[in-house]
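Novice: In terms of the numbering used here, the sequence shown is residues 275 to 497. Every residue gets a Cβ at the ideal spot worked out from N, C-alpha and C, and that includes glycine.
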Amino acid sequence: MDAPTDREFRLVADVPAAFTEVVAEAIEKSPGAFRMALSGGETARSCYEVLAGRAGIEWGRVECYVGDERCVPPDDDDANQKMIRQALIEVVSPAAFFPMDCDSPEAYEQLLQAVGGLNLIHLGLGPDGHTASLFPGSPGLEAPAGARVVRNFDETGRNSHPRLSLTFEEIERGDLVVFTVAGASKAAALAAVLAGEDLPAARVRASRVLFLCDEEAMSEVRP
Ligand code: 6PG
């Protein structure tokens, strides 16, 4: 049975700024440890650069996880963890940062089992409708029941490297999923998600799913 999903599509002028305020509010409203999964990609990089400069966030009680990783060395320019470290972690020094290690997915599985669900999961949207490293038609879309992470790859070759990704089931355990969607290159995928096409991003369920979208990304959405 799918979790009830409160899904909101919000048009914003500035996606990184809007993301920053959503995160700041969520942390402020959630006492104790706040656990958030971070995304890869250039939209995410822009979001983290703005988030890192936001005053008043209690980073000492924030634990940072990742939603997916490319299976490359940690200092590879394609590594999500490298971008996340540079744009956010090294600036704000959160309580903890847990990068994914493709060589030991079971360690991440146990880590997520132990925390029992994340407070916030940040996701991007690919032009093909993927999110995290859950690609259209990829084997990772059908992860074993109960799995929190899954190895995956894009058979089309559009998205490079073998991957490790949160599963839909783990995402669904999150309190709040925030998609950040910016630019005309995402307009077709966003319109397709809104139209109900069976794309990976459209399969995301959680208690609350919020899409923060700029004008260009919304340009193909039918009123
Ligand atoms: C990855 C990301 C991926 C990303 C989207 C959007 O590892 O590549 O997690 O899901 O969020 O592809 O990326 P852009 O913001 O760069 O378009």
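Between the alpha carbons of V423 and E494, how many angstroms are there, rounded?
Specialist: Start at 1 with the first residue of the sequence shown, and residue 423 comes out as number 149. Start at 1 with the first residue of the sequence shown, and residue 494 comes out as number 220. Those two C-alpha atoms are separated by around 33 angstroms.
Novice: Can you tell me which of the three DSSP states T294 falls into?
Specialist: Residue 294 sits at position 20 when you count from the first residue of the sequence shown. Of the three classes helix, strand and coil, the one that applies to T294 here is helix, per DSSP.
Novice: Are A491 and G457 closer than 8 angstroms when you measure CB to CB?
Specialist: Here residue 491 refers to the residue found at position 217 of the sequence shown. Here residue 457 refers to the residue found at position 183 of the sequence shown. Yes. Within cutoff.
Novice: Based on Cα-Cα distance, which residue from A417, I358, D375 and D377 lies nearest to P368?
Specialist: Working through the sequence shown from its first residue, we reach residue 368 at position 94. Considering only alpha carbons, the answer is I358.
Novice: Give me the DSSP bridge partner(s) of E282.
Specialist: Position 8 of the sequence shown, counted from the start, is the residue given in the question as residue 282. DSSP lists L484 as partners of E282.
Novice: Kindly indicate which three-state DSSP category M310 falls into: helix, strand or coil?
Specialist: As a first step, residue 310 is located in the sequence shown; it is residue number 36 there, counting from the start. Reduced to three states, the DSSP call for M310 is strand.
Novice: Which full runs of the alpha helix (DSSP H) of 4+ residues lie inside the segment 449-493, going along the chain?
Specialist: Listed in chain order, the complete alpha helix (DSSP H) runs (minimum 4 residues) inside the segment 449-493 are 461-468 and 474-477.
Novice: Under a Cβ-count criterion, where at least 16 other Cβ atoms within 10 Å of its own Cβ denotes burial, should M275 be classed as buried or exposed?
Specialist: Sequence index remark: in the sequence shown, residue 275 carries index 1 (1-based). Below a pLDDT of 50, predicted positions are generally treated as unreliable, and M275, at 44, falls in that range; the measurement from the model is reported next regardless. Exposed, because fewer than 16 other Cβ atoms sit within 10 Å of the Cβ of M275.
Novice: Give the DSSP bridge partners of I363, in chain order.
Specialist: Walking along the sequence shown from the start, residue 363 turns up at place 89. Answer is none; I363 lacks a bridge partner.
Novice: What does DSSP give as the partner residues of S439 in its beta bridges?
Specialist: Translated into positions along the sequence shown, residue 439 becomes position 165. DSSP lists D342 and V424 as partners of S439.
Novice: Out of D377, P401, E343 and T454, state which residue places its alpha-carbon closest to the alpha-carbon of K292.
Specialist: Position 18 of the sequence shown, counted from the first residue, corresponds to residue 292. At residue 292 the sequence reads Ala, which differs from the Lys that was named. Answer by Cα proximity: T454.
Novice: Check T405 in the structure and name its three-state DSSP category.
Specialist: Taking the first residue of the sequence shown as position 1, residue 405 is located at position 131. In the structure shown, T405 sits in a strand (DSSP, three-state: E or B).
Novice: Return the CA-CA distance between V325 and E316, expressed in angstroms with no decimal places.
Specialist: For this step, residue 325 is matched to residue 51 along the sequence shown. For this step, residue 316 is matched to residue 42 along the sequence shown. What sits at residue 325 in the sequence shown is Leu, not Val. Approximately 14 angstroms, taken between the alpha carbons.
Novice: DSSP beta-bridge partners for V336?
Specialist: Taking the sequence shown and counting its residues from 1, the one referred to as residue 336 is at position 62. Looking at the DSSP assignment, V336 forms a beta bridge with F308.
Novice: If I measure Cβ to Cβ from P347 and keep anything under 8 angstroms in the same chain, skipping five residues before and after, which residues do I get?
Specialist: One-based indexing of the sequence shown puts residue 347 at position 73. A353.
Novice: Between S313 and ligand 1, is the CB less than 7 angstroms from at least one heavy atom?
Specialist: Numbered from its first residue, the sequence shown carries residue 313 at position 39. True, at least one ligand heavy atom lies under 7 angstroms from that Cβ.
Novice: Going along the chain, which residues of its own chain have a beta-carbon closer than 7 angstroms to the beta-carbon of P474, five neighbours each way excluded?
Specialist: As a position in the sequence shown, residue 474 is number 200, starting the count at 1. The answer, listed in chain order, is G403, H404, T405, L408, F409, P410 and L415.
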